[in-house]
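Numbering (the numbering used here), first residue to last: -1 to 364.
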């Protein structure tokens, strides 16, 4: 799948004019009488614009404008390769065009999940099934790649840590502390991370990246699709799951929204059941799902629950230094919250926490 490139810069101050310059590539062979451009809610890194023509949403296009300074934290070439692979496997819509500071792809219809939606049984069951479809459909990687830091969640964390280490505003004591934390994570998790193939994960399953396509509230399982693949990478599925559960709390890190043990168990059971069914459809031999399999993955997710906080803390530190203010977000404050999650996990793991933090209490709720 070839994605054409147009050497233009999308000007967020003039989205209509910028979209007009891309129109022949967005809607080829179409006579267009009317075009509408609407700005969508921005995330913490990128600008999003929806393009519709002739008052119809059937062929809408989404334009993604890369945020300032994100070239350090995000590999845009990899993002596009993953997007093309996802489209080939019917896991995403098709990318349409690249331009100097972004790309465009077919709009996925539906409604964006809210933080409150995540705990609805029909929603999280749908997410679990779609996540299983990703992991069962996309190619896996050799677990030995983890040890050699080939592209994946561990190599990304190391890349971000190296970038922070080179920043002149960081003290040596702070850099040494981050390296010590990374080593602790590696010592704690790498021995288990090499025990099974790595999945090609979405890597950033927050509510805004989940689209609910089924509006009938009477069904048991919602039909959902995932969008925004810039953080897709290889990782242990335990990291993908732990990271997704952490995303339930939103950017405000409201730990009252964290899924309790029974909810995580129901999600993982749904995920494993669907994953097993899909693997067998592809003639891949996998064990049957029983209580022991669910309990085993639950334990792995528990073990990984401190990694996402450290991972996104690193990313936010970089963004705090590189962001130009185009998007109003407190990256430094967010980094502090996420690093605190790592510290809470580590204190519990080492058994030296006199009392549980709010997050650890929420995580341990039955």
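Even glycine gets a Cβ: it sits at the ideal position worked out from N, Cα and C.
If you're wondering where the values come from, they're calculated on a predicted model, not measured in any experiment.
Query                                                                                                                                : Result
Sub-9 angstroms separation of residue 233 and residue 152 beta-carbons                                                               : yes
Cβ contact check for the stretch 100 to 115 and the stretch 258 to 267: 3 or more pairs under 8 angstroms                            : no
Contact check, residue 163 vs residue 183, beta carbons under 9 angstroms                                                            : no
Test item: CB-CB of residue 364 and residue 259 under 9 angstroms                                                                    : yes
Per-residue DSSP class, three states only, for residue 204                                                                           : coil
Residue environment, residue 90, which counts as buried when at least 16 other CB atoms sit within 10 Å                              : buried
Neighbourhood of residue 139 by C-beta distance below 6 angstroms, restricted to the same chain and skipping five residues each side : 196, 232
DSSP bridge partner residues for residue 233 (one or two, in chain order)                                                            : 197
Cβ pair count under 8 angstroms reaching 3, the stretch 29 to 49 against the stretch 4 to 13                                         : yes
DSSP state of residue 305 mapped onto helix, strand, coil                                                                            : helix
Beta-carbon spacing of residue 134, residue 225 below 9 angstroms                                                                    : no
Euclidean distance between Cα positions of residue 141 and residue 236                                                               : 13 angstroms
Endpoints, the beta strand (DSSP E) within which residue 50 is located                                                               : 45 to 51
Continuous beta strand (DSSP E) assignments of at least 3 residues falling wholly in the stretch 85 to 128                           : 93 to 97, 100 to 104
Proximity below 9 angstroms, CB of residue 306 to CB of residue 275                                                                  : no
Residue 62 beta carbon less than 9 angstroms from that of residue 101                                                                : yes
Enclosing alpha helix (DSSP H) for residue 36 [first to last residue]                                                                : Careful: residue 36 lies outside any alpha helix (DSSP H), inside the beta strand (DSSP E) at 33 to 37.
Distance between residue 359 and residue 119 (C-alpha atoms, nearest Å)                                                              : 22 angstroms
Distance, residue 188 Cα to residue 316 Cα                                                                                           : 24 angstroms
Backbone CA spacing between residue 185 and residue 170 [nearest angstrom]                                                           : 22 angstroms
Alpha-carbon spacing of residue 361 relative to residue 26, whole angstroms                                                          : 50 angstroms
Alpha helix (DSSP H) runs wholly inside the stretch 57 to 87, at least 4 long, in chain order                                        : 74 to 86
Opposing strand residues paired with residue 4 [DSSP bridges]                                                                        : 97
Neighbourhood of residue 238 by C-beta, 6 angstroms cutoff - its chain only, sequence neighbours within 5 removed                    : 199
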